[in-house]
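Novice:
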Ligand code: ADP
């Protein structure tokens with residue numbers, strides 16, 4: 001303000017002096033008036049520049065710095081705008097963070113306005129319902145999700161519970177189930193949450209099946225056992241009959257024991273730490289044990305028959321051995337010998353079983369068991385490793401099977417990064433192959449040539 005008075009006064013004095021020098025008293029009066037008008041015009045010009053800038057408010061195009069009242073006003077407004085701009089930037093960045101967090105949510109999120117238009121949705125919601133985040137903005141949700149259950153849910157306006165729907169990408173072979181829940185908030189606005197519960201429902205169904213299967217597997221021999229116990233208690237039997245009944249009871253007890261043992265093995269496999277690559281197991285030793293167990297089982301199963309299985313194992317290995325597998329010896333043996341045992345159990349005595357170990361070009365190796373048994377219908381193959389899944393129930397039971405063998409094999413192999421492949425044709429036998437990756441196997445030192453299979 002003081003500056004303003006000073007400049008005005010100086011211009012007046014200058015006008016007066018110049019006017020006096022030029023025309024005396026009249027000259028001084030005209031000079032003072034002219035100086036006043038000049039000052040007023042200059043001030044008006046600066047005021048207009050400031051007003052023009054106020055109209056646009058562009059912080060990057062500020063008028064030249066100026067002194068005085070207009071300069072101060074300009075400065076104050078500029079500072080105010082700058083603070084406001086910073087605040088807006090801060091809010092925008094907070095909003096961006098919130099949306100990024102919502103985008104990262106593992107659940108689908110849809111924000112709806114009071115009339116049910118989609119204001120925003122994250123990528124998961126797009127995948128769940130087939131939305132396009134840009135294209136479908138401000139579209140009515142009810143027009144895009146046409147599931148009758150959802151339409152009824154949306155119309156009911158009772159959002160205490162959610163609703164379960166079929167996902168957009170659901171197919172009969174790969175069903176997708178979604179749990180959808182609407183949460184009202186604010187003034188009529190809504191938040192819709194969707195969650196993929198396919199795995200949860202499958203796990204629940206598997207748990208139910210598992211409990212039913214275990215109960216069935218235990219109950220059947222238990223019923224038989226109870227029947228025998230009652231017979232022994234109520235009837236007077238001859239010593240031979242007694243012995244026969246006791247043998248049958250022992251068989252049923254053994255069956256239950258096998259089931260419990262199998263279940264314990266599976267739970268131990270699920271709980272124990274992943275096998276490292278620090279311990280190396282000799283392939284030759286594994287094959288020898290598989291051969292011993294396979295032959296013993298074959299002798300047991302064909303002891304009353306005129307024919308016996310022909311069993312072919314790799315030839316005795318050269319001095320340096322056949323190589324090694326990184327993993328847990330007991331688990332590897334149980335998986336590989338299980339495949340040999342299955343071949344023996346399901347192949348008639350006249351058939352043959354061939355076990356091979358071969359190296360692949362990529363450094364991996366394959367253990368395979370080929371039999372000339374009944375083979376398996378392709379429709380059963382994908383389910384063979386499920387717990388308690390059997391194709392031939394009677395043969396499985398007769399030979400002490402539990403229906404858990406291949407699921408134990410699968411678990412062990414998964415833990416060793418190996419893959420089980422089943423190649424089988426009904427009436428033409430089966431080949432069960434185990435592919436070990438290069439990272440899990442190593443060739444013997446000085447290995448020049450790998451041995452070929454020979455008769456065992
Ligand atoms: P099980 O104890 O019944 O043998 P597994 O899990 O080992 O259970 O095998 C599952 C089913 O796969 C068996 O019941 C059998 O029907 C079938 N199977 C397994 N191996 C063979 C094979 N080598 N030849 C024919 N069928 C087989």
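Numbering (UniProt numbering), first residue to last: 1 to 456. C-beta atoms are modelled at their ideal positions from N, C-alpha and C, and glycine is treated no differently.
(1) Please confirm whether any heavy atom of the ligand ADP lies closer than 6 Å to the CB of residue 298.
(2) Within 6 Å: the Cβ of residue 403 and any heavy atom of the ligand ADP?
(3) Is the separation between the beta-carbon of residue 371 and that of residue 429 shorter than 7 Å?
(4) In terms of residues, what are the limits of the beta strand (DSSP E) holding residue 177?
(5) Can you round the beta-carbon distance between residue 290 and residue 340 to whole angstroms, since I take them to be within the 8 Å contact cut?
(6) Give me, in chain order, the residues of the same chain whose beta-carbon lies closer than 6 Å to that of residue 399; leave out the 5 immediate sequence neighbours on both sides.
(7) DSSP three-state call for residue 218: helix, strand or coil?
(8) Would you check whether the ligand ADP has a heavy atom nearer than 6 Å to the C-beta of residue 303?
(9) In chain order, what are the residue ranges of uninterrupted alpha helix (DSSP H) at least 4 long that sit wholly in the segment 14-76?
(10) Is there at least one non-hydrogen atom of the ligand ADP closer than 6 Å to the beta-carbon of residue 373?
(11) At least one CB of chain D closer than 7 Å to the CB of residue 196: is that the case?
(12) Are the segment 411-431 and the segment 366-385 in contact at 8 Å, needing three or more beta carbon pairs?
(13) DSSP state of residue 254, grouped into three classes?
(14) How big is the Cα-Cα spacing for residue 176 and residue 419?
(15) Tell me which residues share the same chain as residue 326 and place their Cβ nearer than 6 Å to its Cβ, disregarding the 5 neighbours each side in the sequence.
(16) Quick one: does the C-beta of residue 392 sit closer than 6 Å to a heavy atom of the ligand ADP?
(17) Select from 358, 332, 88, 25 the residue whose C-alpha is nearest the C-alpha of residue 314.
(18) Using the DSSP secondary-structure output, state which residues sit across from residue 324 in a beta bridge.
(19) For the ligand ADP, I want to know if residue 343 counts as a neighbour, meaning its beta carbon is within less than 6 Å of at least one of the ligand's heavy atoms.
(20) Count Cβ pairs between the segment 77-96 and the segment 14-34 that sit closer than 8 Å; are there 3 or more?
(21) Using the C-alpha atoms, what's the distance from residue 269 back to residue 354?
(22) Examine the ligand ADP and report whether any of its heavy atoms sits within less than 6 Å of the Cβ of residue 376.
(23) Using the C-alpha atoms, what's the distance from residue 13 back to residue 29?
(24) Since residue 121 sits in a beta bridge, which residues does DSSP pair it with?
(25) Cα separation between residue 193 and residue 274?
(26) Exposed or buried, which one is residue 337 when buried takes at least 16 other CB atoms within 10 Å?
(27) Would DSSP call residue 353 helix, strand or coil?
(28) Measure the alpha-carbon distance for residue 348 versus residue 432 and round it to whole angstroms.
(29) Compute the minimum distance between the beta carbon of residue 222 and the heavy atoms of the ligand ADP, and state whether it is under 6 Å.
(30) Apply the 10 Å Cβ neighbour rule to residue 106 and answer buried if 16 or more other Cβ atoms are within range, or exposed otherwise.
(31) Taking C-alpha atoms, which residue in 245, 215, 10 lies nearest to residue 229?
(32) How close, in whole Å, do the beta carbons of residue 407 and residue 385 come, if the pair is a contact with beta carbons under 8 Å?
(33) Quick check: what's the CA-CA separation for residue 16 versus residue 8?
(34) Between the Cα of residue 331 and the Cα atoms of 391, 262, 153, 300, which residue gives the shortest distance?
(35) Please list, in chain order, all residues of the same chain as residue 452 whose beta carbon is under 6 Å from its beta carbon, the five residues on each side excluded.
Specialist: Reading it off the structure:
(1) No.
(2) Residue 403 has its CB nearer than 6 Å to a heavy atom of the ligand ADP.
(3) Yes; because the gap between Cβ atoms is below 7 Å, this pair is in contact.
(4) If you look at residue 177, you'll find it in the beta strand (DSSP E) that goes 177-185.
(5) Confirmed, about 5 Å.
(6) Cβ neighbours of residue 399 beyond the five flanking positions: 345.
(7) Note: residue 218 maps to helix in three-state DSSP.
(8) No, since every heavy atom of the ligand ADP falls outside the 6 Å radius drawn around the Cβ of residue 303.
(9) You should have found no qualifying run.
(10) For residue 373, the shortest C-beta to heavy atom distance toward the ligand ADP is below 6 Å.
(11) The structure shown has no chain D; it contains just one protein chain.
(12) Look at the beta carbons and you see the segment 411-431 touching the segment 366-385: at least three pairs across the two are nearer than 8 Å.
(13) In the three-state scheme derived from DSSP, where H, G and I count as helix and E and B as strand, residue 254 is classed as helix.
(14) If I take the Cα positions, the gap works out to 27 Å.
(15) Once the five neighbours on either side are set aside, the close Cβ partners of residue 326 are 277, 280, 440.
(16) Because some heavy atom of the ligand ADP lies under 6 Å away, the Cβ of residue 392 counts as near it: yes.
(17) With distances taken between Cα atoms, residue 314 lies closest to 358.
(18) As a beta-bridge residue in DSSP terms, residue 324 pairs with 282, 442.
(19) Yes - the ligand ADP has a heavy atom lying nearer than 6 Å to the Cβ of residue 343.
(20) Counting Cβ pairs under 8 Å, fewer than three are found: no touch.
(21) Those two C-alpha atoms are separated by around 28 Å.
(22) Correct: residue 376 has its Cβ closer than 6 Å to the ligand ADP.
(23) The alpha-carbon atoms of residue 29 and residue 13 are separated by roughly 11 Å.
(24) According to DSSP, residue 121 shares a beta bridge with 110.
(25) Across the structure, residue 193 and residue 274 are spaced so that their CA atoms are roughly 36 Å apart.
(26) Buried.
(27) In this structure, residue 353 counts as strand in the three-state DSSP scheme.
(28) Going from the Cα of residue 348 to the Cα of residue 432 covers about 17 Å.
(29) Checking the 6 Å criterion, the Cβ of residue 222 is out of range of every heavy atom belonging to the ligand ADP.
(30) Flag for residue 106 reads exposed.
(31) Nearest option by C-alpha distance: 245.
(32) With 8 Å as the limit, residue 407 and residue 385 qualify as a contact, their Cβ atoms being about 5 Å apart.
(33) Computed Cα separation, rounded: 12 Å.
(34) For residue 331, the closest C-alpha among the options 391, 262, 153, 300 is that of 262.
(35) Confidence in residue 452 is poor, its pLDDT being 44 and thus under 50, which makes the residue's placement unreliable; the coordinate value appears in the next sentence. Taken in chain order, the list of residues that qualify is empty.
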